[in-house]
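Enquirer: First to last, the protein sequences are chains D and C.
Residue 992 in my numbering sits at position 312 of the first sequence; the count goes up by one each step and never skips.
Residue 313 in my numbering sits at position 254 of the second sequence; the count goes up by one each step and never skips.
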Amino acid sequence: MLRTRSLICRRALVRTYATPASPHALVFLEHREGVIAPGSLSALTAAEQLGGQVSALVVGSSEQVPAVVEKAKKLKGVNSVLHSTSPQYAEPVPEVLSPLFEELLKGNSGFTHVVSATSSSAKSLLPRVSARLDAPTISDITSLEHDASSGSTTFTRPIYAGNAISTVRAPGSIPIKFFTVRGTAFAPAPATAEGAEEKPVDPVEVKDPVTVHLKTTIAKSDRPELGVASRVVSGGRALKNAETFQKMLYPLADALGAAVGASRAAVDAGYADNSLQVGQTGKVVAPELYIAIGISGAIQHLAGMKDSKMIVAINKDPDAPIFQVADVGLVADLYEAVPELTEKLKK
Amino acid sequence: MRPSAVRLLNILVPVKRAVDYAVKIRVNPQQTGIDTNVKHSMNPFDEIAVEEAVRLRERLGAKVKTITALTIGPAKATDTLRTALAMGADSGIHVEVSESAPAPEPLSVAKTIRTIIERRNKDAKSEEDKIDLVILGKQAIDDDLGVTGQMLAGLMDWSQATFASKVEIDTDKKEALVVREIDGGGEEIKCRLPLVITTDLRWVDHNNLSPRYASLPNIMKAKKKPIEKLTPADLGLDYTPQLETLKVTEPPKRVGGGKVANVDELLAKLKEVGIEAKA
Chain D
681 MLRTRSLICR RALVRTYATP ASPHALVFLE HREGVIAPGS LSALTAAEQL
731 GGQVSALVVG SSEQVPAVVE KAKKLKGVNS VLHSTSPQYA EPVPEVLSPL
781 FEELLKGNSG FTHVVSATSS SAKSLLPRVS ARLDAPTISD ITSLEHDASS
831 GSTTFTRPIY AGNAISTVRA PGSIPIKFFT VRGTAFAPAP ATAEGAEEKP
881 VDPVEVKDPV TVHLKTTIAK SDRPELGVAS RVVSGGRALK NAETFQKMLY
931 PLADALGAAV GASRAAVDAG YADNSLQVGQ TGKVVAPELY IAIGISGAIQ
981 HLAGMKDSKM IVAINKDPDA PIFQVADVGL VADLYEAVPE LTEKLKK
Chain C
60 MRPSAVRLLN ILVPVKRAVD YAVKIRVNPQ QTGIDTNVKH SMNPFDEIAV
110 EEAVRLRERL GAKVKTITAL TIGPAKATDT LRTALAMGAD SGIHVEVSES
160 APAPEPLSVA KTIRTIIERR NKDAKSEEDK IDLVILGKQA IDDDLGVTGQ
210 MLAGLMDWSQ ATFASKVEID TDKKEALVVR EIDGGGEEIK CRLPLVITTD
260 LRWVDHNNLS PRYASLPNIM KAKKKPIEKL TPADLGLDYT PQLETLKVTE
310 PPKRVGGGKV ANVDELLAKL KEVGIEAKA
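As structure tokens, then:
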């Protein structure tokens, strides 16, 4: 309490001109089974680039929160970890989390930015909160720059499925700027030895919520997670069915220690799970190596993978658009080339 | 008089006229935006939203009282509205903005939808005339923001079901069971009406359906369906953007590195950059 008061005094003294508040980001840290989501670690890095204080927010049930807070305290760039515990936060829906955010951000909270990964849950939550505060949400930013003197933040973000890059400025007149961060554009915040301070926050109970979580089904896999894998092997419609998709792609992916991805055509045809889709409407990946097998290379697919370091394409059609972006192209029947590649790799 | 026990749904479907998904867009030389002198069509996610509204009526019959399509855009956006009407919406609302004006930001769009719902619900003679379901696409393929539905739900304080791939509505209980696409899998939630739904592409697979093509007779019929024209000023709204677009640029060009003749050459290329099998 004392601290807050002294802060207010200091600000009152300094405020001869309408000086914008120094940046203070609130980063929504997502976690599952005690592990902080890699996308949230990238969001932290982006928040740190604003050049001010960074507070991380961890919400969850009493079983989940303590372990995650311990990890969050050690993350580079984190000045404080706010945490809020409630049974309602175990599998939170935006309708239940939004009031907590509103409580945290109301009045003179000092927060100037609210940051999250571009994840499905944050994408559902942040715009809801921002609208209630009459502020925009800037989605999926790939770079940012904060101007402390004017309090404005300039972002770049891809539009038109990544076929154009838009540079937008959120002026100082927007007191709290909401944005989600494209994970592949920022390195994840590493752990350090230091520990940030922690501050428990009272949960805001939502009586009789209008939306209730019933169940979650997560597709389990031993392979690395698609969004953060350093190598990705991806298949398209040419794989004919789910069985050949697995038979062709999985051994190659395992040989390389790669994650498996799929084009929308392959997902739509039922060869692969939805969660594997790479593209404008699926995941955006930027691995060291992306091998596109039997994928023609539609704009929507390229939107999800064209920032990969090295793109390899294997396709029967020499005119497939994928060859225009591939660093290495092989025109061949995938049913021969892929097993051969897998075999020779293993040697 | 109708028996009061019957619950009726009134669905609002906002649709956006966007550059056709198959068009290879070009950034204009002034770097202020893209060359929009190209084919436009209804945002694909919005097509799914319209289809979903029409399917709901096919499943629930008379329980779906009205389907209203709404668009905010230049005069040409009327075409998009007509497409929605030809697909099965009953009437349209067109909030017209000038061709040269910047596209309204999602928050302005959400406020427009809110105002339209509030006006309609205030004028409603009974509960059964009120809009209690809004179905939107999960994102527009031009700005790729994907925030309007959530903003609307926040402004209205309604429940929201984003990235929905399956929706079952119990009109008597005023509840919806929704399967959502989330990172790494799926999620099931139960929402109370009134509700805002945003559609995922996967809705198509889960239901094994694609958005219908409007048939010629339906296109002809759609020409007779009513469209109410409004302006932002009529609704007491100001579309001045909060954000300033400084510039729009081309992404860095990626140049293909050419082709190799066989698997061995491919392996050699991989080796060059240090990629080998993981032990």
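Backbone N, C-alpha and C fix where the C-beta goes; we use that ideal spot for every residue, glycine too.
With a threshold of 6 Å (Cβ to nearest heavy atom), would Ala935/D be considered close to the ligand FMN?
Expert: No copy of the ligand FMN appears in this structure; indeed no ligand is present at all.
Enquirer: Tell me which same chain residues have a C-beta within less than 6 Å of the C-beta of Leu998/D, skipping the five on either side of it?
Expert: Per the sequence shown, the amino acid found at residue 998/D is Pro instead of Leu. Val1011, listed in sequence order.
Enquirer: When Cβ atoms are compared, which residues of the stretch 745-760 of chain D fall closer than 9 Å to chain C?
Expert: none
Enquirer: Can you pull the DSSP bridge partners for His793/D?
Expert: Ala705/D and Lys857/D
Enquirer: Measure from the alpha carbon of Glu885/D to the alpha carbon of each residue in Lys1024/D, Ser702/D, Ala701/D and Pro779/D, then state which is nearest.
Expert: Among Lys1024/D, Ser702/D, Ala701/D and Pro779/D, the Cα nearest to that of Glu885/D belongs to Pro779/D.
Enquirer: Could you check whether the Cβ of Leu724/D sits closer than 7 Å to any Cβ belonging to chain C?
Expert: Nearest CB-CB separation between Leu724/D and chain C: not below the 7 Å threshold.
Enquirer: By how many angstroms is the C-alpha of Asp259/C removed from the C-alpha of Ser955/D?
Expert: Rounded to whole angstroms, Ser955/D to Asp259/C spans 12 Å at the Cα level.
Enquirer: Considering only C-alpha positions, which residue in the set Val739/D, Ser976/D and Glu750/D is nearest to Thr765/D?
Expert: Val739/D
Enquirer: Quick check: what's the CA-CA separation for Glu750/D versus Val794/D?
Expert: 22 Å
Enquirer: Between which two residues does the beta strand (DSSP E) holding Asp820/D run?
Expert: Thr817 to Ile821
Enquirer: Output yes if chain C places a C-beta closer than 7 Å to the C-beta of Arg917/D; else output no.
Expert: By this cut-off, Arg917/D is not an interface position.
Enquirer: Quick one: is Leu932/D near chain C, going by C-beta distance under 7 Å?
Expert: no
Enquirer: I'd like the span of the beta strand (DSSP E) that includes Thr304/C, first residue to last.
Expert: Glu303 to Thr308
Enquirer: Could you give the first and the last residue of the continuous beta strand (DSSP E) run that contains Lys225/C?
Expert: Ser218 to Asp229
Enquirer: In the stretch 141-170 of chain C, which residues sit with their C-beta less than 9 Å from some C-beta in chain B, listed in chain order?
Expert: Note that chain B does not occur in the displayed structure, where the protein chains are D and C.
Enquirer: I need the DSSP call for Gln744/D, collapsed to helix, strand or coil.
Expert: coil
Enquirer: If contact is defined by three or more beta carbon pairs under 8 Å, each pair taking one atom from either stretch, is the stretch 64-80 of chain C in contact with the stretch 127-143 of chain C?
Expert: yes
Enquirer: Can you tell me which residues form a DSSP beta bridge with Arg239/C?
Expert: Beta-bridge partners assigned by DSSP to Arg239/C: Ala223/C and Glu246/C.
Enquirer: Between which residues of its own chain and Tyr350/C is the CB-CB distance below 6 Å, once the five residues before and five after are set aside?
Expert: A query on residue 350/C cannot be resolved here, the shown segment of chain C reaching from 60 to 338 and no further.
Enquirer: If you reduce the DSSP assignment to three classes, tell me which class Met985/D lands in.
Expert: coil
Enquirer: Thinking just about the alpha-carbon of each residue, which of Val848/D, Ser720/D, Asp820/D and Gly714/D is nearest to the one in Glu306/C?
Expert: In the sequence as displayed, the identity of residue 306/C is Lys instead of Glu. Lys306/C has its Cα closest to that of Val848/D, out of Val848/D, Ser720/D, Asp820/D and Gly714/D.
Enquirer: For a contact meaning CB atoms closer than 9 Å, what does Lys249/C contact in chain D?
Expert: Near Lys249/C (Cβ distances below 9 Å), the residues of chain D are Thr891, Val892, His893 and Leu894.
Enquirer: Going by DSSP in three states, Asn954/D sits in which element: helix, strand or coil?
Expert: helix
Enquirer: Counting C-beta neighbours from all protein chains within 10 Å, is the total for Thr897/D 16 or more, i.e. buried, or is it exposed?
Expert: exposed
Enquirer: Note down, in chain order, all residues in the stretch 933-956 of chain D with a beta-carbon under 7 Å from any beta-carbon belonging to chain C.
Expert: Residues passing the 7 Å Cβ filter: Ala935, Leu936, Gly937, Asp948, Asn954 and Ser955.
Enquirer: Going by DSSP, which residues form a beta bridge with Val156/C?
Expert: The secondary-structure analysis by DSSP pairs Val156/C with nothing; it has no beta-bridge partner.
Enquirer: One question on the structure: do Thr139/C and Val74/C come within less than 7 Å of each other, judged by their Cβ atoms?
Expert: yes
Enquirer: Cβ atoms of Arg837/D and Ile821/D: under 7 Å apart, would you say?
Expert: One thing to note: Ile821/D has its Cβ within 7 Å of the Cβ of Arg837/D.
Enquirer: Tell me the rounded alpha-carbon separation between Leu325/C and Gly915/D.
Expert: Distance between the alpha carbons of Leu325/C and Gly915/D is about 18 Å.
Enquirer: Give the list of continuous alpha helix (DSSP H) stretches no shorter than 4 residues that lie fully inside the stretch 915-977 of chain D.
Expert: 922-936 and 944-948
Enquirer: For Arg808/D and Lys122/C, what's the separation of their Cα atoms in angstroms?
Expert: 29 Å
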